[in-house]
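**Student:** With the working numbering applied, the sequence shown corresponds to residues 21 to 306, in that order.
A single structure is presented below for examination.
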Amino acid sequence: MENYVFTFPPVSFDSSSDFTCPVPQTLTSYDYRNPSQVPFPPNAVQLAPEPLTVLHASDGYLALDLALLAISLPQPKLSLTSETPSTSKSTPSNATLEPAATVLSTCPNSGVPGGRNGEIIVAKPAGNKSTWAARNPGWPVTQPRQPLTTVEKEHHSAHAASRQISAAQRKDRDVLLNEAIRKLSDEFEAKVQVVATTHNVTQEKVKKLLGGHKYYRNPRGMQLANAIIHDKAHEVNEGRACGEKLTLQQIRGLARADPKYQDMTQDEKDELLHALTEYRALKNTS
């Protein structure tokens, strides 16, 4: 690759006059190894740009309007044109009021980017964007907590004093309750010891028997309410067909209104319970 030299032959045009286009001598042959033939050498010195010249109106130049310096692309929500009438919109409570965009009339087809015929859209100045509410208008904002007034401070102090008094009283009651529970526990242990010694059993067995009687008693016994419903159902549904018998709700209403079941003696209650027990036993064994 180092021994290659690119040679460009002259270009000729096939025309009636047989005219040959001359090629400059510098482009006839090009040696890439010769740095002098490089159009833009890598080590070339780049000149610094010249400073901008400020044009003043006193020198005869036209004054430049500052509003024209803020020309930007159109903003449909903020631009106001002569063709579209302006409509009033509701402003959120936390929205920041900002000046609307200014429209300057120019000649038709002025070629200004973003503007239609006969108008120039000028960008509105930036508003207050220092807070989250200003940057997000329309979103709910949690209001900051206001300092307490004098009346509220007095009310707060009174509540704090009342809570301190209640806490002290509750502490005294807890101390008394713990002392009573401790005494009861000691008496219980002593009585359990007496029962265990009398019946020649261990204390653990006595405690288990006490716990079983207290917490594991079978409540699925014969209830007086079920005995009353059974007696009333046997009275009103006897002799009726299967589809003509009264429902449970109707039987309960009749039993509630029957004065026979209002004031019953203990013997009458026992009789109803015994009748229900016999009926269930017969039903289970039949």
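The beta-carbon is built from N, C-alpha and C at its ideal position, and this holds for glycine as well.
Along the chain, where does the alpha helix (DSSP H) containing L266 start, and where does it finish?
**Tutor:** Taking the sequence shown and counting its residues from 1, one reaches residue 266 at position 246. Unbroken run through L266: none, as it is neither H nor E.
**Student:** Can you look up K149 in the DSSP assignment and give me helix, strand or coil?
**Tutor:** For the purposes of this step, residue 149 is taken as the residue at position 129 of the sequence shown. Three-state DSSP puts K149 in coil, outside helix and strand.
**Student:** Between the stretch 242 to 250 and the stretch 195 to 211, do three or more beta carbon pairs fall short of 8 angstroms?
**Tutor:** no
**Student:** Three-state secondary structure (DSSP) at R300?
**Tutor:** The residue you call residue 300 lines up with position 280 of the sequence shown. Three-state result, R300: helix.
**Student:** Grouping DSSP H, G and I as helix and E and B as strand, with all else coil, what is A261?
**Tutor:** Looking up residue 261 in the sequence shown gives position 241. Reduced to three states, the DSSP call for A261 is coil.
**Student:** How would you write the range of the alpha helix (DSSP H) that T217 sits in, first residue to last?
**Tutor:** By one-based count along the sequence shown, residue 217 stands at place 197. Taken as a continuous stretch (DSSP letters only), the alpha helix (DSSP H) holding T217 covers 170 to 219.
**Student:** So for A223, helix, strand or coil by DSSP?
**Tutor:** In the sequence shown, residue 223 corresponds to position 203, counting from 1. Looking at the sequence itself, residue 223 is Gln, so the reference to Ala does not match. Helix.
**Student:** Rounding to the nearest angstrom, what Cα-Cα distance links N304 and M242 in this structure?
**Tutor:** Start at 1 with the first residue of the sequence shown, and residue 304 comes out as number 284. Start at 1 with the first residue of the sequence shown, and residue 242 comes out as number 222. Taking the straight line from one Cα to the other gives about 15 angstroms.
**Student:** Do K227 and V212 count as a contact pair if the criterion is CB distance below 8 angstroms?
**Tutor:** For the purposes of this step, residue 212 is taken as residue 192 along the sequence shown, with counting starting at 1. For the purposes of this step, residue 227 is taken as residue 207 along the sequence shown, with counting starting at 1. Cβ atoms of V212 and K227: closer than 8 angstroms.
**Student:** For the alpha helix (DSSP H) that contains K280, what are its first and last residues?
**Tutor:** Position 260 of the sequence shown, counted from the start, is the residue given in the question as residue 280. Where K280 is concerned, there is no enclosing alpha helix (DSSP H), given that its DSSP letter is neither H nor E.
**Student:** Go ahead and pull the three-state DSSP assignment for R240.
**Tutor:** Mapped onto the sequence shown, residue 240 falls at position 220. Note: R240 maps to coil in three-state DSSP.
**Student:** In this structure, how does DSSP classify L293 when only helix, strand and coil are distinguished?
**Tutor:** For the purposes of this step, residue 293 is identified with residue 273 of the sequence shown, where counting begins at 1. Correct three-state label for L293: helix.
**Student:** Taking the C-alpha atoms as reference points, what is the distance between K252 and A261?
**Tutor:** As a position in the sequence shown, residue 252 is number 232, starting the count at 1. As a position in the sequence shown, residue 261 is number 241, starting the count at 1. Distance between the alpha carbons of K252 and A261: 17 angstroms.
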